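J.: Read top to bottom, the protein sequences are chains F and C. Going by numbering that gives the first Met the number 0, the final residue of the first sequence carries number 329, and the count climbs one at a time with no gaps. Going by numbering that gives the first Met the number 0, the final residue of the second sequence carries number 329, and the count climbs one at a time with no gaps. There's a structure below that I have some questions on.
There are 2 protein chains.
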Amino acid sequence: MTTIYDVAKEAKVSVATVSRVLNNNGYVSEEKRMSVKMAIEKLNYRPNLLGRNLRKSESRIILALLPSISNPFYSKILKGIEDVAIKNEYNILLCSTDSDRERERIYLNLINQKLADGIISMNPIQDKDFFLELSKNYPIIQCSEYNSNIKIPYVSIDNFRAAYDATHYLISLGCKKIALINSNEKYLYARLRKEGYLQALRDNNITIKDDLIICAGIGFQNGYDAVKRILSKEKVDGIFAVADILALGAIKGVKELGYSIPSDISIIGFDDIEISTMVTPTLTTIAQPMYELGQQAAKLIIKRIKDPNFIPENILLKHQLVIRESTKKI
Amino acid sequence: MTTIYDVAKEAKVSVATVSRVLNNNGYVSEEKRMSVKMAIEKLNYRPNLLGRNLRKSESRIILALLPSISNPFYSKILKGIEDVAIKNEYNILLCSTDSDRERERIYLNLINQKLADGIISMNPIQDKDFFLELSKNYPIIQCSEYNSNIKIPYVSIDNFRAAYDATHYLISLGCKKIALINSNEKYLYARLRKEGYLQALRDNNITIKDDLIICAGIGFQNGYDAVKRILSKEKVDGIFAVADILALGAIKGVKELGYSIPSDISIIGFDDIEISTMVTPTLTTIAQPMYELGQQAAKLIIKRIKDPNFIPENILLKHQLVIRESTKKI
DNA sequence: TTGTACGCGTTATCAA
DNA sequence: TTGATAACGCGTACAA
Numbered sequence: 000m001t002t003i004y005d006v007a008k009e010a011k012v013s014v015a016t017v018s019r020v021l022n023n024n025g026y027v028s029e030e031k032r033m034s035v036k037m038a039i040e041k042l043n044y045r046p047n048l049l050g051r052n053l054r055k056s057e058s059r060i061i062l063a064l065l066p067s068i069s070n071p072f073y074s075k076i077l078k079g080i081e082d083v084a085i086k087n088e089y090n091i092l093l094c095s096t097d098s099d100r101e102r103e104r105i106y107l108n109l110i111n112q113k114l115a116d117g118i119i120s121m122n123p124i125q126d127k128d129f130f131l132e133l134s135k136n137y138p139i140i141q142c143s144e145y146n147s148n149i150k151i152p153y154v155s156i157d158n159f160r161a162a163y164d165a166t167h168y169l170i171s172l173g174c175k176k177i178a179l180i181n182s183n184e185k186y187l188y189a190r191l192r193k194e195g196y197l198q199a200l201r202d203n204n205i206t207i208k209d210d211l212i213i214c215a216g217i218g219f220q221n222g223y224d225a226v227k228r229i230l231s232k233e234k235v236d237g238i239f240a241v242a243d244i245l246a247l248g249a250i251k252g253v254k255e256l257g258y259s260i261p262s263d264i265s266i267i268g269f270d271d272i273e274i275s276t277m278v279t280p281t282l283t284t285i286a287q288p289m290y291e292l293g294q295q296a297a298k299l300i301i302k303r304i305k306d307p308n309f310i311p312e313n314i315l316l317k318h319q320l321v322i323r324e325s326t327k328k329i
Numbered sequence: 000m001t002t003i004y005d006v007a008k009e010a011k012v013s014v015a016t017v018s019r020v021l022n023n024n025g026y027v028s029e030e031k032r033m034s035v036k037m038a039i040e041k042l043n044y045r046p047n048l049l050g051r052n053l054r055k056s057e058s059r060i061i062l063a064l065l066p067s068i069s070n071p072f073y074s075k076i077l078k079g080i081e082d083v084a085i086k087n088e089y090n091i092l093l094c095s096t097d098s099d100r101e102r103e104r105i106y107l108n109l110i111n112q113k114l115a116d117g118i119i120s121m122n123p124i125q126d127k128d129f130f131l132e133l134s135k136n137y138p139i140i141q142c143s144e145y146n147s148n149i150k151i152p153y154v155s156i157d158n159f160r161a162a163y164d165a166t167h168y169l170i171s172l173g174c175k176k177i178a179l180i181n182s183n184e185k186y187l188y189a190r191l192r193k194e195g196y197l198q199a200l201r202d203n204n205i206t207i208k209d210d211l212i213i214c215a216g217i218g219f220q221n222g223y224d225a226v227k228r229i230l231s232k233e234k235v236d237g238i239f240a241v242a243d244i245l246a247l248g249a250i251k252g253v254k255e256l257g258y259s260i261p262s263d264i265s266i267i268g269f270d271d272i273e274i275s276t277m278v279t280p281t282l283t284t285i286a287q288p289m290y291e292l293g294q295q296a297a298k299l300i301i302k303r304i305k306d307p308n309f310i311p312e313n314i315l316l317k318h319q320l321v322i323r324e325s326t327k328k329i
């Protein structure tokens, strides 16, 4: 492999001069700059980042920790992260944990092994103490999912308010019996959205019925099962599912039971993933700015890496009600 | 930061001994091994990978080059890659190019800057010469999409055969007028699937009509537009879309025009992405073993990294016809 | 404006 | 079985 020494020899200068040309700093005469550039060209030289990284004590790698890469929600965020990262000459290490604690640990440790300069975590944190300890010594940002008990900055949306808005919208359509299909309450967002749902009902003097609240997992099948369970007991006129994927399952279940959407039952989802526009009826939902979430998280972490004294403020981005075909005024 | 020297001092041994304990090689007395381990524990020492990587001239990073992370097809492959990688102590660098040549170049160059030990490319290659040149000096595997003119090993499926099977299946159902909604023919898979479609028609003495063959892009809207264009000219009884996402668009278009699926028109897709089971009707399709494609590609590239003399054979994995609700015997 | 020489943290060779 | 020390390739302080 050709090194900076080879280039120096070819250009008849010292390695220091080559390095100066490479990094565009320090004084270099035009003449030498040219001959260095020609030598680089001739030898097809590319600096070895392993050497550079060690010398500079940086990896220029950002670790993106997420539960699952197959979830379109995360992949949109990831895209935002990647776009900002590449503009700033950072690279993204893909770390999907599948909620495996062991795996999470392996990935997190990369940062104290200096293979990553910072971490963006979209994971519900499993090993809280370890994570917190890590954040004292290294740049870490939480994105979308976060743990508010822990003093680690986050970029997210106002889940309470968003769920409130979703529920309130159903109420404004005339719905009186509104079911909630929630996901696993180990997620903070799930707990917050449930609160938002409850508050909206209270504010409008609608009785809260435990039978209408289901804690499903996260996934199409869970939404499908949940709605069947609910409707087997009681007819509803509105359904709020805390994730589009749950809503899609619910739509299928509702259809199978012979109800029509939105005439009999209005359904609203959450996230605004692409699929929501592809189904029939298209899905009314609360849109999260997924791409922007990723962008903001990346910007924060990069700023933080550059300046360790910079303490990011938490950021809550705006959600948006997107009305499509699955909801209708009664 | 604590280094191997700190550990050596604490354990009252040399750095060489610490290194031996760390890497489990060479002879170390049980006594010293223990005291090194205790020192590591006490100081909470973690080896700096930047130093190790430079010394060993490896990054233990594999670069995953793909067009778009948001496409569920690629994210499934990626999962297969990641799972194999982590088992072998490799990490995955996420490189989505968005078909941007500049960006592709940036990512590809990481390998001759030694930040990656190998590349798995799912991209239709833009800069063929550069790519080929690179593959002479570095481990590269093509996965799913590949360029057969170039001598770079690949893992894929038999796209010709798979498309033939899809078309043949429609014919076996009694379809006489079968449309093809293809994606962009810059992709090899698109060209191969078209060939498979044509061959199946020929083998069954069905007239090939250019009006029934549309080169759409890739995406839901494209499928939707394509089917409207086709049906505005001529009624068909079968549609083969070369990607599920196109098929989903087609389903929507067909429905809007008042035809029923599968009674009036049978539709078959390709890929078997998750959404295909969530729509109504659920989609008959040719399933690609996406996860396995990723796994195989990762296994090959790792084997190749370990042994530069190992020349991988091309691998074609089996596809599978998955029959659901969108097709029916006439 | 340029060059010499050191050190980033690790592994591996060699001699003891 | 152990330790001293030379690399790995780079950037930069310092001297010139």
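For each residue, glycine too, the CB sits at the ideal point set by N, CA and C. The structure displayed is predicted, hence computed values, not measured ones.
Using a Cβ cut-off of 8 Å (strictly closer), state whether C/Ile212 contacts chain F.
T.: Counted from its first residue, the second sequence places residue 212 of chain C at position 213. It does not; no Cβ of chain F falls within 8 Å.
J.: May I ask you to report which of helix, strand or coil DSSP gives C/Asn148?
T.: Residue numbering aside, residue 148 of chain C sits at position 149 when the second sequence is read from its first letter. The answer is coil: DSSP assigns C/Asn148 none of H, G, I, E or B.
J.: Determine the closest residue to F/Leu247 out of F/Ala296, F/Gly268, F/Asp263, with distance taken between C-alpha atoms.
T.: As a first step, residue 247 of chain F is located in the first sequence; it is residue number 248 there, counting from the start. Closest by alpha carbon: F/Gly268.
J.: Smallest Cα separation from C/Lys298: which of C/Pro71, C/Glu9, C/Glu88?
T.: Position 299 of the second sequence, counted from the start, is the residue given in the question as residue 298 of chain C. It is C/Glu88 whose Cα lies nearest to the Cα of C/Lys298.
J.: Of all Cβ atoms in chain F, is any one closer than 8 Å to the Cβ of C/Val27?
T.: Indexing the second sequence from 1 puts residue 27 of chain C at position 28. Closer than 8 Å: no.
J.: Determine whether the beta carbon atoms of F/Gly293 and F/Ile39 lie at a separation below 8 Å.
T.: On the first sequence, residue 293 of chain F is found 294 positions in, with the first residue counted as 1. On the first sequence, residue 39 of chain F is found 40 positions in, with the first residue counted as 1. Their beta carbons are not under 8 Å apart, which means F/Gly293 does not touch F/Ile39 by this criterion.
J.: Suppose the cutoff is 7 Å on Cβ atoms and the five residues either side in sequence are ignored; what does the same chain contact list for C/Ile314 look like?
T.: Here residue 314 of chain C refers to the residue found at position 315 when the second sequence is read from its first residue. Non-local C-beta neighbours of C/Ile314 in its own chain, meaning closer than 7 Å and more than five positions away in sequence, comprise Val154, Gln295, ordered along the chain.
J.: First and last residue of the beta strand (DSSP E) that includes F/Thr284?
T.: If you number the first sequence from 1, residue 284 of chain F lands on position 285. Looking at the DSSP string, the run of the beta strand (DSSP E) that includes F/Thr284 is 283-286.
J.: Flag this pair as touching only if the segment 315-322 of chain C and the segment 162-174 of chain C have three or more C-beta atom pairs under 8 Å; answer yes or no.
T.: Note that the segment 315-322 of chain C touches the segment 162-174 of chain C; at least 3 beta-carbon pairs, one per stretch, sit closer than 8 Å.
J.: Assuming C/Ile272 and C/Phe72 form a contact by the criterion Cβ under 8 Å, report the distance between their Cβ atoms to the nearest whole angstrom.
T.: By 1-based counting over the second sequence, the position of residue 272 of chain C is 273. By 1-based counting over the second sequence, the position of residue 72 of chain C is 73. Contact between C/Ile272 and C/Phe72 holds: their C-beta atoms lie close to 6 Å from each other, under 8 Å.
J.: Between C/Lys75, C/Ala189, C/Gly173, which has its C-alpha nearest C/Leu245's C-alpha?
T.: Sequence index remark: in the second sequence, residue 245 of chain C carries index 246 (1-based). Ranking C/Lys75, C/Ala189, C/Gly173 by Cα distance to C/Leu245 puts C/Ala189 first.
J.: Which residues in chain F sit within 8 Å of C/Phe219, going by Cβ to Cβ distance?
T.: Taking the first residue of the second sequence as position 1, residue 219 of chain C is located at position 220. Chain F residues near C/Phe219: Glu273, Thr276, Met277.
J.: Suppose you measure from the CA of F/Val235 to the CA of C/Ile180; what does that come to, to the nearest Å?
T.: Here residue 235 of chain F corresponds to residue number 236 of the first sequence, with the count starting at 1. Here residue 180 of chain C corresponds to residue number 181 of the second sequence, with the count starting at 1. One C-alpha to the other measures close to 41 Å.
J.: If you check the beta carbons only, do C/Ser182 and C/Ser265 fall under 8 Å apart?
T.: Along the second sequence, one-based indexing puts residue 182 of chain C at 183. Along the second sequence, one-based indexing puts residue 265 of chain C at 266. No, the Cβ-Cβ distance between C/Ser182 and C/Ser265 is not below 8 Å.
J.: In chain order, what residues of the segment 40-54 of chain F put their CB closer than 7 Å to some CB of chain C?
T.: Arg45, Pro46, Asn47, Leu48, Leu49, Gly50, Asn52, Leu53
J.: What's the C-alpha gap between C/Ile77 and F/Asn111?
T.: Here residue 77 of chain C is taken as the residue at index 78 of the second sequence, counted from 1. Here residue 111 of chain F is taken as the residue at index 112 of the first sequence, counted from 1. Before going on, a small fix: residue 77 of chain C reads as Leu here, not Ile. Each residue's Cα considered, the two are about 25 Å apart.
J.: Are the Cβ atoms of F/Cys214 and F/Glu184 separated by less than 8 Å?
T.: Stepping through the first sequence from its first residue, residue 214 of chain F is reached at position 215. Stepping through the first sequence from its first residue, residue 184 of chain F is reached at position 185. Result yes, Cβ atoms of F/Cys214 and F/Glu184 sit closer than 8 Å.
J.: Less than 8 Å between CB atoms is the rule here; does C/Ile85 satisfy it with respect to chain F?
T.: Looking up residue 85 of chain C in the second sequence gives position 86. Using a CB distance cut-off of 8 Å, C/Ile85 counts as an interface residue toward chain F.
J.: Decide if the segment 298-308 of chain C is in contact with the segment 104-123 of chain C; the criterion is three or more beta carbon pairs, one per stretch, under 8 Å apart.
T.: yes
J.: Shorter than 8 Å from the beta carbon of C/Leu64 to some beta carbon of chain F?
T.: The residue given as residue 64 of chain C occupies position 65 in the second sequence. No, no contact with chain F.
J.: Using a Cβ-Cβ cut-off of 7 Å (strictly less than) and excluding sequence neighbours within five positions of F/Gly173, which residues of its own chain qualify?
T.: Within the first sequence, residue 173 of chain F is the residue found at index 174, counting from 1. Hits under 7 Å: Lys328, Ile329.
J.: What is the C-beta distance between F/Leu21 and C/Leu53, in whole angstroms, given that I count them as a contact (C-beta under 8 Å)?
T.: Numbered from its first residue, the first sequence carries residue 21 of chain F at position 22. Numbered from its first residue, the second sequence carries residue 53 of chain C at position 54. Contact flag wrong, Cβ pair sits at about 17 Å.
J.: So the beta strand (DSSP E) C/Phe239 belongs to, where does it begin and stop?
T.: Position 240 of the second sequence, counted from the first residue, corresponds to residue 239 of chain C. Start and end: 237-240.
J.: Classify C/Asp270: buried if its beta carbon has 16 or more other beta carbons within 10 angstroms, exposed otherwise.
T.: Translated into positions along the second sequence, residue 270 of chain C becomes position 271. By the neighbour-count rule (16 or more Cβ atoms within 10 Å), C/Asp270 is buried.
J.: Under 9 Å between beta-carbons, which chain F residues line up against C/Asn122? List them in chain order, please.
T.: Within the second sequence, residue 122 of chain C is the residue found at index 123, counting from 1. Simply none; closest approach about 15 Å.
J.: Mark C/Pro152 as exposed unless 16 or more other C-beta atoms lie within 10 angstroms of its C-beta, in which case mark it buried.
T.: In the second sequence, counting from the first residue as 1, residue 152 of chain C sits at position 153. So C/Pro152 ends up on the buried side.
J.: Buried or exposed: where does C/Gly25 fall if 16 or more other Cβ atoms within 10 Å of its Cβ makes it buried?
T.: Position 26 of the second sequence, counting from 1, holds the residue named residue 25 of chain C. Looking at its Cβ environment, which holds fewer than 16 other Cβ atoms inside 10 Å, C/Gly25 is exposed.
J.: In this structure, what does DSSP give as the bridge partners for F/Val154?
T.: Numbered from its first residue, the first sequence carries residue 154 of chain F at position 155. According to DSSP, which records beta bridges pairwise, F/Val154 is partnered with F/Cys142, F/Ile314.
J.: Please classify C/Arg201 as buried or exposed, where buried requires at least 16 neighbouring CB atoms within 10 angstroms.
T.: The residue you call residue 201 of chain C lines up with position 202 of the second sequence. When all chains shown are included, C/Arg201 counts as exposed.
J.: Just to make sure I have the definition right: I need the residues of chain C whose C-beta is within less than 7 Å of the C-beta of F/Ser74. Which are they?
T.: Residue 74 of chain F sits at position 75 when you count from the first residue of the first sequence. Neighbourhood of F/Ser74 in chain C, by CB distance below 7 Å: Ile68, Ser69, Ser74, in chain order.
J.: Use the C-beta contact count for C/Asn204: other C-beta atoms within 10 angstroms, 16 or more gives buried, fewer gives exposed.
T.: Translated into positions along the second sequence, residue 204 of chain C becomes position 205. Here C/Asn204 is exposed, its C-beta having fewer than 16 other C-beta atoms within 10 Å.
J.: Output, in chain order, the set of chain C residues within a Cβ distance shorter than 8 Å of F/Asn108.
T.: If you number the first sequence from 1, residue 108 of chain F lands on position 109. Per Cβ cutoff of 8 Å: Arg45.
J.: Could you check the C-alpha separation between C/Thr363 and F/Ser56 for me, to the nearest Å?
T.: With chain C running from 0 to 329 in the structure shown, residue 363 of chain C is simply not present.
J.: Mind checking C/Lys251: buried by the 16 CB within 10 Å criterion, or exposed?
T.: Start at 1 with the first residue of the second sequence, and residue 251 of chain C comes out as number 252. With 16 or more Cβ atoms within 10 Å of its Cβ, C/Lys251 is classed as buried.
J.: Within the 8 Å Cβ cut-off, does F/Lys227 reach chain C?
T.: As a position in the first sequence, residue 227 of chain F is number 228, starting the count at 1. Output row for F/Lys227: interface = no.
J.: Under the rule that 16 or more other beta-carbon atoms within 10 Å means buried, what is F/Phe239, buried or exposed?
T.: Position 240 of the first sequence, counted from the start, is the residue given in the question as residue 239 of chain F. By the neighbour-count rule (16 or more Cβ atoms within 10 Å), F/Phe239 is buried.
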